[in-house]
Amino acid sequence: MKGTLHRITLAAALAALLGAGSAFAAGAHGEHAGHAMPMASAPIGVPGDAARVTRTIDIDMTDAMRFTPAQVQVKAGETVRFNVRNSGKIRHEMVLGSEADLQAHYAMMMQDPGMRHEEANAVSLDAGKSGQIVWKFDRAGSVSFGCLEPGHYAAGMKGAVSVQ
Ligand SMILES: [Cu+2]
């Protein structure tokens, strides 16, 4: 419910900024821009400072609906740069979150497939593209990640970061 509220508020702010009826505010992009991860519900870390990266991890995404590697280990306190590559022919994304957040978010994506993620904890990539997430894992535990494109998460396009 919080996410919905946030979404409405941001959409309203966007509309005010850009003028009602602009294609940007009314279109799919506006819809996306108003969409926020419910990150407060579970601690998964914080956006990292690129100048403080202590570890770089390459992640490959394919149309086989897999991340490689799907399991990674980091130390608590580390700032990690994920170099993410989409080796497939369709769009994929990597979104960091708790399992519960990813599940909830995935359900939203199923209803609104045009949504793209550009928050600090996510990178959405067209075929053949590469991108990055810089993230600080500030406490021990497990942080999940997944591709929330419709059908992908359910097909097993997910993984986890073990923070020790
Ligand atoms: Cu995918």
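Letter by letter, the sequence shown follows residues -25 to -1, 1 to 139 in mature numbering (1 follows the signal peptide of the UniProt record, and there is no 0). We treat Cβ as the ideally placed atom computed from N, Cα and C, and that holds for glycine. Note that the coordinates shown come from a computational prediction; the quantities given were computed from them, not determined experimentally.
>> According to DSSP, is residue 5 part of a helix, a strand, or is it coil?
In response: Interpretation of residue 5 is limited by its pLDDT of 36, a score under 50 that renders its predicted location unreliable; the figure taken from the coordinates is listed afterwards. DSSP places residue 5 in the helix class (H, G or I) of the three-state scheme.
> Whose C-alpha, out of 18, 46, 66, is nearest the C-alpha of residue 123?
Replying inline: For residue 123, the nearest C-alpha among the options comes from 66.
> Could you give the residue range of the alpha helix (DSSP H) that holds residue 38?
Replying inline: It is not in any alpha helix (DSSP H) - residue 38 carries neither H nor E in the DSSP assignment.
> Cβ-heavy atom distance between residue 80 and ligand 1 below 7 Å?
Replying inline: No.
>> Pairs of beta-carbons, one from the region 18 to 32 and one from the region 102 to 115, closer than 8 Å: are there three or more?
In response: When Cβ pairs closer than 8 Å are counted between the two stretches, the region 18 to 32 is seen to touch the region 102 to 115, the count reaching three or more.
> In terms of residues, what are the limits of the beta strand (DSSP E) holding residue 97?
Replying inline: Its beta strand (DSSP E) spans residues 97 to 100.
>> What residue range does the beta strand (DSSP E) around residue 68 cover?
In response: For residue 68, the uninterrupted beta strand (DSSP E) segment begins and ends at 67 to 72.
>> Using a Cβ-Cβ cutoff of less than 6 Å, which residues in the same chain neighbour residue 108 once the five nearest sequence positions on both sides are dropped?
In response: Cβ within range, chain order: 57, 98.
>> Please tell me whether residue 59 and residue 138 are closer than 8 Å, where the distance is taken between their beta carbons.
In response: Residue 138 is positioned such that its CB atom lies no closer than 8 Å to that of residue 59.
>> Check for me: the beta strand (DSSP E) holding residue 54 runs from which residue to which?
In response: Residues 54 to 61.
> From which residue to which residue does the beta strand (DSSP E) around residue 106 run?
Replying inline: Residue range 105 to 111 is occupied by the beta strand (DSSP E) that includes residue 106.
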